[in-house]
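Following our numbering, the numbering of the sequence shown begins with 6 at its first residue and continues without gaps.
We treat Cβ as the ideally placed atom computed from N, Cα and C, and that holds for glycine.
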Amino acid sequence: MAAASPTQEADCKASEDAHLFDAAKPPPFRIGDIRAAIPPHCWRKSPLRSLSYVARDLLIVAALAAAATHIDLLFAWTWPLYWAAQGTMFWALFVLGHDCFSDSATLNNVVGHLLHSFILVPYHGWRISHRTHHQNHGHIERDESWHPITEKLYRQLEPRTKKLRFTVPFPLLAFPVYL
Numbered sequence: 006m007a008a009a010s011p012t013q014e015a016d017c018k019a020s021e022d023a024h025l026f027d028a029a030k031p032p033p034f035r036i037g038d039i040r041a042a043i044p045p046h047c048w049r050k051s052p053l054r055s056l057s058y059v060a061r062d063l064l065i066v067a068a069l070a071a072a073a074t075h076i077d078l079l080f081a082w083t084w085p086l087y088w089a090a091q092g093t094m095f096w097a098l099f100v101l102g103h104d105c106f107s108d109s110a111t112l113n114n115v116v117g118h119l120l121h122s123f124i125l126v127p128y129h130g131w132r133i134s135h136r137t138h139h140q141n142h143g144h145i146e147r148d149e150s151w152h153p154i155t156e157k158l159y160r161q162l163e164p165r166t167k168k169l170r171f172t173v174p175f176p177l178l179a180f181p182v183y184l
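This is the structure in structure tokens:
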């Protein structure tokens, strides 16, 4: 009996995977089901609480920066730990800067602009593209920041291209290129 061709093997594997999850099919729930499962208090915006998170995170950033001044040659191995910790905190500032934590557009824009300036991310360009992204989220043609490919095109990709696009390091490089 002849061995299966690579195409036949790929088709068989795709058929097996289809029994587990089919991303092309709608989920067994609606967005309203998800919203109904979230407690009502989670929908209420609290600028005071949000600003307390901003203050807390800025305090942690300052503490990490102060700690970094004490890293000398003896403890040079700790720099990667510092980079990871401070990078995580800068990400937290990014999240706080781009989330609408208040009903006041002015407060959102002031806090967003200040925090994004601190981490060197252009706020208003981000705000506009992010809003467009959310208005067209998941739309295969109109979403600005997420460009999915069709299942037909995915199946036509060479295995090497699939591996490069959908595994490390491409996803790690895509976000900085996007910014």
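- Taking C-beta separations shorter than 6 Å and ignoring five residues to either side along the sequence, the partners of His121 in its chain run Gly102, Tyr128, following chain order.
- Note on Val100: under 16 other CB atoms within 10 angstroms of its CB, so exposed under the neighbour-count rule.
- In the pairwise beta carbon analysis, the segment 130-140 is classified as not touching the segment 87-94: fewer than three pairs are separated by under 8 Å.
- Looking only at Leu112, Thr74, Glu149, Ala28, the smallest Cα-Cα distance to Gly130 is reached by Glu149.
- Apart from the 5 residues on each side of it in sequence, Ile65 sits with its Cβ closer than 6 Å to the Cβ of Met94 in its chain, given in chain order.
- Of the residues assessed, Val115 falls on the exposed side of the cut-off, its CB having fewer than 16 other CB atoms within 10 angstroms.
- Here Lys157 is not near Phe106, since their CB atoms are 7 Å or more apart.
- Pro153 and Ile145 have their C-alpha atoms roughly 6 Å apart.
- Counting only unbroken stretches of 4 or more residues, the alpha helix (DSSP H) elements lying wholly within the segment 44-102 are 52-73, in sequence order.
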